[in-house]
Every structure is written in C-alpha cells, then in structure tokens.
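*Asks:* Under the numbering used here, think of the first position of the sequence shown as 304, with each following residue one higher.
Using N, Cα and C, we set each Cβ at its ideal position, and we do this for glycine too.
All values derive from a computational prediction rather than experimental measurement.
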Amino acid sequence: MLLEGKTAIVTGANRGLGKAVSRKLAQEGAKVIMAGRKKDDLDKAAAELRGEGLSAEPFVADVTKESDVSALAGYAAEKYGKIDILVNNAGISKEIKLAEISMETWDEIIEVNLRSVVLMTKAVLPYMTEKKSGNIVNIGSGAALRGLPGSCAYSASKAAVVCLTQALGDEVREHNIRCNVVCPGPVDTELFQKSERREFILAAGGDVFEPETVANGVLYLASDMSKGVSSQVLTIRGFNRW
Ligand code: NDP
C-alpha cells in the first residue's frame with residue numbers, strides 16, 4: 304500500500320482517466336475525493352469504487368468556478384486535516400482548426416484545461432504549504448509536446464500546463480511539494496473515442512492506451528516511488544506522434 308493514510312483529490316473523476324486514477328490511488332490506500340460536475344454520474348462512479356472496498360467519495364464541483372474549487376479544497380482539508388495529493392485531470396477537447404474556431408470556444412478550452420488547473424492548485428497550495436508536504440500531478444497530453452493539427456486550442460492549453468508544472472514545481476520545492484505532469488498519447492476513453500481527430504491520430508500510427516496504464520504513471524508520481532522527482536514530464540506513449 305503506497306498511499307496509506309493519504310488524502311487525494313482527483314478532478315474530472317466521474318469517468319475515463321479520472322475514474323481510473325481514483326481507483327488506482329484508492330487501491331493503494333488513499334482516501335479519494337472524486338470531483339466533477341455531474342452529481343448522478345459522480346455518485347455512481349464513487350459507489351462503484353466503494354463497492355470494491357475502496358475509500359471514495361463524490362464532491363460536486365465545476366473546476367472553472369472559483370467558489371466550487373475553494374469549497375472542494377476546504378471540505379477536503381476540514382474532513383481529513385490535510386490534502387496530500389491533487390490530480391488535475393478534468394479536461395475537454397474540441398477539435399476545430401484555428402481559422403474556424405470562435406474566440407468563445409477558444410476561451411472555453413483554455414478555461415477548462417488551463418485556468419482550472421491554476422484555480423484548483425491555488426486553492427490547495429495553502430494547505431500543502433502549511434503541512435510542508437504535498438504532491439500535484441497534472442494531466443497534460445502528447446499534443447502538448449507536438450501540437451496536433453486541427454486542435455490548436457487544446458494543444459496550446461496542454462503545452463501551457465506543461466510549462467506551468469515545470470515553473471510551479473521549482474517554486475514550491477522549498478515547501479516539500481512536488482509537481483509533475485503526465486503526457487499520455489491516445490487513451491481509450493470517451494474523449495478519444497468521440498474525437499474528430501481519432502482517425503487522423505490512428506492513421507499516423509497511434510498506440511491507444513488503457514486508462515489504467517496512465518493511472519499507473521500517476522501513481523508513480525503521486526507516491527514515494529518517485530521520491531525527489533519534481534517539475535518533470537512523464538510521457539506515456541508508444542509509436543505515437545501525438
Ligand atoms: P473524458 O471526456 O472521458 O473525461 C473528462 C472528465 O473531465 C469528465 O469527468 C468531465 O466531466 C470532466 N470535466 C470536464 N469539464 C469539467 C469541469 N469544468 N469541471 C469538472 N469536471 C470537468 O476524458 P479523459 O478521461 O480522456 O480525459 C482526462 C484528461 O486526460 C483530460 O485532461 C484530457 O485532456 C487528458 N488526455 C486524454 C487523452 C485521451 O486520449 N483520452 C490523451 C491525453 C490527455 P463531465 O461529465 O462533467 O463532462
């Protein structure tokens with residue numbers, strides 16, 4: 304049990320990668336708060352994990368809303384006395400060429416994929432700093448390292464998450480807080496299966512990963528298995544350009 308006694312918040316946890324990460328951390332002994340927008344889906348996902356004997360509870364929060372995010376951090380800190388791990392996983396993808404994207408859609412993608420990471424991290428950092436201990440794992444993307452055509456906003460938002468992680472990791476080092484980012488290639492979730500870029504990515508020779516494989520990478524970074532590792536990018540890709 305790598306995470307016995309730890310408290311973790313996972314955002315976008317009602318399905319896909321967020322659910323797989325929640326399960327993985329809970330299987331290693333963490334008490335997991337699964338955050339997301341849709342109460343019914345979230346309740347169902349948390350109940351599924353509890354049915355497996357794991358510690359998982361739902362918390363309804365839209366990560367783009369400052370009041371929701373601070374309520375989530377406050378709840379976790381009050382209930383468990385600390386927040387050990389934050390996984391910024393919530394994200395959206397809308398595949399539209401730059402020439403065709405409206406600024407409204409551009410802003411929406413940046414807000415969910417980048418600004419929410421900032422909001423969530425700022426809400427949790429005071430609790431981690433106080434305890435002089437913490438671990439933040441952000442979910443980037445292969446598209447952060449090599450922009451995906453037809454997906455400029457998504458690629459740019461994830462590239463910003465990578466640089467944010469590197470700079471923040473250095474800033475919080477003195478507080479014994481680690482911050483790293485996982486950049487997966489295609490993962491077999493709703494986001495990828497419904498992607499307008501799916502065939503394009505597959506045609507370019509994209510290996511598709513199980514959510515659990517990516518969750519293993521998150522566990523590595525969130526646990527003492529990676530003690531001392533900070534400001535780093537963990538790619539989880541095979542023969543992938545993106
Ligand atoms: P899914 O679309 O399956 O899941 C995304 C999750 O994010 C959902 O739970 C969704 O909840 C939640 N979410 C979206 N917006 C918000 C919000 N404003 N507040 C709270 N929760 C929100 O995608 P994946 O599981 O595939 O994606 C997880 C992460 O992995 C994302 O950051 C994605 O960019 C990244 N990623 C995915 C890849 C892939 O191929 N699948 C590849 C590389 C990176 P709701 O039901 O409310 O929409």
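Is it buried or exposed, G309, if we count other Cβ atoms within 10 angstroms and call 16 or more buried?
*Replies:* Looking at the sequence provided, one finds Lys at residue 309 rather than Gly. Buried is the call here.
*Asks:* Nearer than 8 Å: is that true of the beta carbon of L494 relative to any heavy atom of ligand 1?
*Replies:* In terms of side-chain proximity, the C-beta atom of L494 is found nearer than 8 Å to a non-hydrogen atom of ligand 1.
*Asks:* Below 8 Å on the Cβ atoms is my contact criterion, and I expect S454 with A446 to pass it. Report the Cβ-Cβ distance as a whole number of Å.
*Replies:* 6 Å
*Asks:* To the nearest angstrom, report how far apart G356 and D344 are at their CA atoms.
*Replies:* 19 Å
*Asks:* Ignore the nearest five residues each way along the sequence and tell me which others in P489's own chain have a CB closer than 6 Å to its CB.
*Replies:* F495, I504, G509, V511
*Asks:* Ligand 1 and C486: does the residue's C-beta get closer than 8 Å to at least one heavy atom of that ligand?
*Replies:* yes
*Asks:* Enumerate in chain order the residues of its own chain whose CB-to-CB distance from R501 is below 7 Å, with the five nearest sequence positions on each side excluded.
*Replies:* F495
*Asks:* Verify whether the separation of the beta carbon atoms of I404 and A456 is less than 9 Å.
*Replies:* yes
*Asks:* Taking 8 Å as the threshold, find out whether the stretch 330-341 comes into contact with the stretch 311-322 through three or more Cβ pairs.
*Replies:* yes
*Asks:* May I ask whether a heavy atom of ligand 1 can be found less than 8 Å away from the beta carbon of K461?
*Replies:* yes
*Asks:* Note the first and the last residue of the continuous alpha helix (DSSP H) segment covering A506.
*Replies:* 501-506 is the extent of the alpha helix (DSSP H) around A506.
*Asks:* Give the straight-line distance between the Cα atoms of S498 and V415, rounded to the nearest whole angstrom.
*Replies:* 17 Å
*Asks:* Quickly, what does DSSP pair I388 with across the bridge? List them, please.
*Replies:* A311, N438
*Asks:* Between which residues of its own chain and N438 is the CB-CB distance below 6 Å, once the five residues before and five after are set aside?
*Replies:* I388, R481, A525
*Asks:* Which residue wins for smallest C-alpha separation from V464, given the options K342, G354, I412?
*Replies:* I412
*Asks:* For V484, which option in Y523, D371, A333, S436 has the closest C-alpha, if you only look at C-alpha atoms?
*Replies:* Y523
*Asks:* Three or more beta-carbon pairs under 8 Å between the stretch 381-399 and the stretch 423-440, yes or no?
*Replies:* yes
*Asks:* Between S529 and G472, how many whole angstroms is the CB-CB distance? I'm expecting something under 8 Å.
*Replies:* That belief does not hold up - the Cβ atoms of S529 and G472 are roughly 12 Å apart, past 8 Å.
*Asks:* Is any heavy atom of ligand 1 found at a distance shorter than 8 Å from the C-beta of L357?
*Replies:* no
*Asks:* Pick from Y430, G531, V517, S396: whose alpha carbon is nearest that of Y378?
*Replies:* Y430
*Asks:* Whole-angstrom Cβ separation of E513 and D527, contact assumed at under 8 Å?
*Replies:* Incorrect: roughly 24 Å between the Cβ atoms, too far for contact.
*Asks:* Distance, Cα to Cα, S358 vs G332?
*Replies:* 8 Å
*Asks:* Taking the alpha carbon of S396 as the point to measure from, which residue in S444, G541, K385, R544 has its own alpha carbon closest?
*Replies:* S444
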